[in-house]
Amino acid sequence: MSPTTATTTGGLLLNYTAAVPTSVSTVALDCPDQDQKTYTTGHNQTFVLSCYRGLQGADFATIVAYSYADCIEACSSYNAWTANKTGCSGIQFTNTMGATYLNDQGNCWMKNLGFRGKYGEEGGMAATLGLNSMV
Numbered sequence: 089m090s091p092t093t094a095t096t097t098g099g100l101l102l103n104y105t106a107a108v109p110t111s112v113s114t115v116a117l118d119c120p121d122q123d124q125k126t127y128t129t130g131h132n133q134t135f136v137l138s139c140y141r142g143l144q145g146a147d148f149a150t151i152v153a154y155s156y157a158d159c160i161e162a163c164s165s166y167n168a169w170t171a172n173k174t175g176c177s178g179i180q181f182t183n184t185m186g187a188t189y190l191n192d193q194g195n196c197w198m199k200n201l202g203f204r205g206k207y208g209e210e211g212g213m214a215a216t217l218g219l220n221s222m223v
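Take 89 as the starting number for the sequence shown in my numbering and just add one per residue.
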């Protein structure tokens with residue numbers, strides 16, 4: 089199914105259908121511009137961004153995300169809905185959606201506090217929950 093592009097007079101998409109993950113080779117990733125910057129979610133949690141990095145281990149969920157912001161917002165929403173401010177303490181996002189979806193059924197891995205280390209990953213971004221968001 090191809091994306092719908094009809095707009096309303098307000099400029100918002102109407103009846104939009106996102107492309108299926110297997111039909112998307114890559115999604116945008118604003119790196120290295122976002123490296124070491126912070127992202128504050130709608131639930132007022134702050135994450136530190138690290139371009140071309142990954143977090144090893146401690147995955148508890150994998151989802152499809154069309155942007156690193158979607159991935160981080162999902163992590164923060166998990167924390168808000170479970171009333172556990174550190175239940176999701178980091179994410180790993182890759183922009184290679186199609187290939188990653190075939191292997192892992194997603195391109196955004198949500199992490200609990202057990203993740204360790206960082207390693208280089210072309211086309212990837214890690215984000216970790218800032219200390220001020222854990223209290």
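In this text, a Cβ means the ideal position worked out from N, Cα and C, and glycines have one as well.
Where residue i sits in the DSSP three-state scheme
i, result
"L219", "helix"
"S138", "strand"
"T129", "coil"
"T110", "helix"
"L101", "strand"
"L190", "helix"
"T95", "strand"
"T174", "coil"
"Y166", "helix"
Residues that DSSP places opposite residue i in a beta bridge
i, result
"M198", "A149, I179"
"A214", "S138, Q180"
"Q144", "R204"
Whether residue i touches residue j by CB criterion (7 Å)
i, j, result
"T184", "G202", "no"
"L62", "F135", "Any property of residue 62 remains undetermined from this structure, which presents the chain solely from 89 to 223."
"C119", "I151", "no"
"Q133", "S165", "no"
Residue i burial status per 10 Å Cβ neighbour count (16 or more: buried)
i, result
"T95", "exposed"
"G130", "exposed"
"T182", "buried"
"L100", "exposed"
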